[in-house]
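Encoded as structure tokens, the structure appears first; notes follow it.
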């Protein structure tokens, strides 16, 4: 930009400034202030410019100085490089520096190895010095021996951590330091332990009269602290391993020493020839451990707990209960003797199923006691203690054998239940009066399965619980379902014409199947199926099975194609045995969907068969009644004479009374009314088609027909519920209302309801006039089921109207 351009731009900016500040004549009064402000701003800008120039000059000088320094160093380096190259060529008698470097490389590598060896020897010297210091002190001053030992342990831990980064460059050195450290630790542990054991002996531990009087408390506390300080590196190293499943929790050293006499007592009672050492009584030694906790927990809570909090409160160990809590620490110290005892027992009872089953049951009770009553989590505050049962079943791989034993026991018990003489008799006393009555077998099978649930409820492993559920519980359910289904199939075969010929059933058997005996046989199947179906619905609401279902769904959704969702079971296999929605996003479903569905289908099928059987039989009993035709020729009964039931209906009334009285005792109201509803509709259809629409009726015939129908209603109502027969035969009832209308309406004696009703002649005229008129008169009579055509057909049945 030229000078004129700069001046023009400056002039424009000045003009803009003046236009902004001097917009009116009144603004001229502020011109002095504006000039003063501009001058101050000019002075400030000049000062800033001066400072910027000074800073720039200083930076320029520093840059030049730095550049000069770099050039000097480059020249010096080049001079040194030339000197080194010259000396290398002289030493190696090489023609070029590159050849000289290559020839000198072995010498440099030797020097490097020498440096490493020197560092090794220095480290070994430090290790030996610290080890000697510790050994020299722990006999006369154990406290002074701790410091060199702790430093030595720090060396060992640092070397182990550095090994991966160094690509395992010095394994022998690491092993030597670790071995030295462990040997020293054993020596110090033995020395400290002997000193602490002497204190315990003076305390008379663990006798009933042990005491901390006479300065023994301070001596005991000092011994505990020294042992804890000695063990501190080991505890921290184990804590850094993030809970490897291959390692048991560490026993605190002071507790290990204090438990030794308790372990000797344990071995005396449970490993020798004492009567307390019995393979069939594992509860003896397990309850002994609980007794030890009850006896000594108070002492440790009072005296050990403060020391643990003081020792570990500033480290991550304070978050681990087996170190910071005296009760958990005591349990951890007692468990090794139990593990040893259980491990010794297992080979002895491997071929004794009852003893193996009993041992696992007692171990689960013991685990539950430690978890629930003593709040023991094994040092895992998130997942909790897996328990000795888990160690035996999973770590020692005894689960398949135990599962096989429990399955054999369950199936043997099941077969004993179903093969007993009274197993398939109906049990009228075990459920409420209003409920459907199951068989003894159904109740006992359910009790068996609830016992099985209690057997595996304490298990910690999901796969074990699912295998127990499918291989034992659902397997027993399936076998019982198959037996009930076979019973129903056998009934259908024996009651069919082809089946009777093939099976050669006797007349007595056929008569029994057609009578109450056959009905009872169906009710056994129905009641058993309904009972177990409802029990499975109750189980699906149990917290244990809800949690197991949620765990199953989570596992199936994460591993939809897994072939080992639960042990050897795939997702498809588990879904086939439990629920079709396994692995889906459905919010519904439960572990017993498939099994409960099978029992539901069997129940509905049995209900249909029972219903069909009643319908077929009632039709047979009604046939004689449908063949008689006295309805138009009956004479009127005398005044005060009660109408007798038509003789041909006696069989039907007897059938209804016997069968409904039995069903009322066995079935709940809901299924009873469902069945009777269809039975009543069948009776109504027969009476309508084969009697009412087939014959004509005189007034006496109508009265007799009404009497017969009401007798059936009374019989049905007596066992099913008041008016159930009338409600089920509403169409027939309304037809009888029409047939029984008086010739003239009477005040206060309407055929239906109270008030004045139309008489027979009026009704007849209006019904046959047209549909609208017919509907009106039917509404007046409160006849809601009969259609207009039905009403006309019914009225035509009366002799006096049919002509």
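Numbering (my numbering), first residue to last: 2 to 804.
Note that beta-carbon positions come from the ideal geometry of N, C-alpha and C, so glycine has one too.
Every value quoted in this text rests on a predicted model; they were computed, and no experiment measured them.
Reference residue i; option with closest CA among the options
i           : options               : result
residue 634 : 204, 697 and 489      : 697
residue 385 : 393, 368 and 396      : 368
residue 534 : 282, 596 and 520      : 596
residue 663 : 712, 716, 476 and 398 : 716
residue 532 : 249, 668 and 626      : 668
residue 758 : 415, 745 and 375      : 745
residue 461 : 549, 419 and 544      : 549
residue 616 : 679, 572 and 739      : 679
residue 651 : 605, 685 and 713      : 713
residue 725 : 661, 35 and 520       : 661
residue 490 : 480, 518 and 526      : 526
residue 360 : 253, 345, 371 and 373 : 345
residue 558 : 537, 586, 580 and 574 : 586
residue 593 : 232, 328, 12 and 536  : 536
residue 249 : 800, 424, 336 and 419 : 336
residue 795 : 318, 517 and 741      : 741
residue 800 : 675, 631, 325 and 251 : 631
residue 265 : 299, 187 and 338      : 338
residue 390 : 374, 376, 370 and 426 : 370
residue 422 : 153, 66 and 440       : 440
residue 493 : 701, 614 and 779      : 614
residue 604 : 486, 115 and 15       : 486
residue 518 : 152, 83, 484 and 425  : 425
residue 465 : 433, 414, 451 and 403 : 403
residue 279 : 251, 765, 302 and 343 : 343
residue 191 : 254, 383 and 154      : 254
residue 430 : 666, 570, 316 and 627 : 666
Bridge-paired residues (DSSP) for residue i
i           : result
residue 799 : 698
residue 567 : 570
Beta carbon of residue i nearer than 7 Å to that of residue j
i           : j           : result
residue 260 : residue 198 : no
residue 263 : residue 172 : no
residue 408 : residue 473 : yes
residue 215 : residue 200 : no
residue 453 : residue 411 : yes
residue 647 : residue 709 : yes
residue 358 : residue 406 : yes
residue 463 : residue 577 : no
residue 321 : residue 380 : yes
residue 231 : residue 204 : no
residue 1   : residue 330 : Outside the modelled stretch of the chain, which goes from 2 to 804, sits residue 1, for which no answer is possible.
residue 417 : residue 427 : no
residue 623 : residue 523 : no
residue 229 : residue 312 : yes
residue 332 : residue 377 : yes
residue 442 : residue 419 : yes
residue 629 : residue 649 : yes
residue 775 : residue 764 : no
Min CB distance residue i to chain D below 7 Å
i           : result
residue 524 : Of the protein chains in the structure, only one exists, and it is not chain D.
Secondary structure, alpha helix (DSSP H): runs of 4+ residues fully inside the segment 386-461: Entirely contained in the segment 386-461, the alpha helix (DSSP H) runs reaching 4 residues are, in chain order, 388-391, 400-420 and 441-457.
Considering only residues of the segment 246-305, which uninterrupted beta strand (DSSP E) runs meet the minimum length of 3 residues and lie entirely inside it, listed in chain order? DSSP runs (the beta strand (DSSP E)) wholly in the segment 246-305: none.
Okay, do the segment 707-727 and the segment 651-663 touch, 3+ Cβ pairs below 8 Å being the bar? Contact holds: three or more Cβ-Cβ distances are below 8 Å.
Contact between the segment 270-279 and the segment 225-236 is defined here as three or more beta-carbon pairs at a separation below 8 Å; is this criterion met? With a cut-off of 8 Å, the segment 225-236 and the segment 270-279 do not count as touching, because too few Cβ pairs lie within range.
List, from N- to C-terminal side, the beta strand (DSSP E) runs of 3 residues or more that fit wholly inside the segment 643-711. Segments of the beta strand (DSSP E) lying fully in the segment 643-711: there are none.
Contact between the segment 683-698 and the segment 428-447 is defined here as three or more beta-carbon pairs at a separation below 8 Å; is this criterion met? No contact exists between the segment 683-698 and the segment 428-447.
For the segment 339-352 against the segment 393-403, are there 3 or more C-beta pairs whose distance is under 8 Å? Result yes; three or more Cβ-Cβ pairs closer than 8 Å.
Would you check if the segment 535-547 and the segment 480-497 touch, i.e. whether three or more CB-CB distances between them fall below 8 Å? With a cut-off of 8 Å, the segment 535-547 and the segment 480-497 do not count as touching, because too few Cβ pairs lie within range.
Can we say the segment 362-378 touches the segment 287-299, given the rule of at least three CB pairs closer than 8 Å? Contact between the segment 362-378 and the segment 287-299 is present, because at least three Cβ pairs lie under 8 Å.
Any contact between the segment 728-736 and the segment 783-803? By contact I mean 3 or more CB pairs, one from each, below 8 Å. Proximity of the segment 728-736 to the segment 783-803 meets the contact definition, three or more beta-carbon pairs being nearer than 8 Å.
Going residue by residue through the segment 182-249, where are the continuous beta strand (DSSP E) segments of at least 3 residues, counting only ones entirely within it? If we require 3 residues or more, the segment 182-249 turns out to have no beta strand (DSSP E) run fully inside it.
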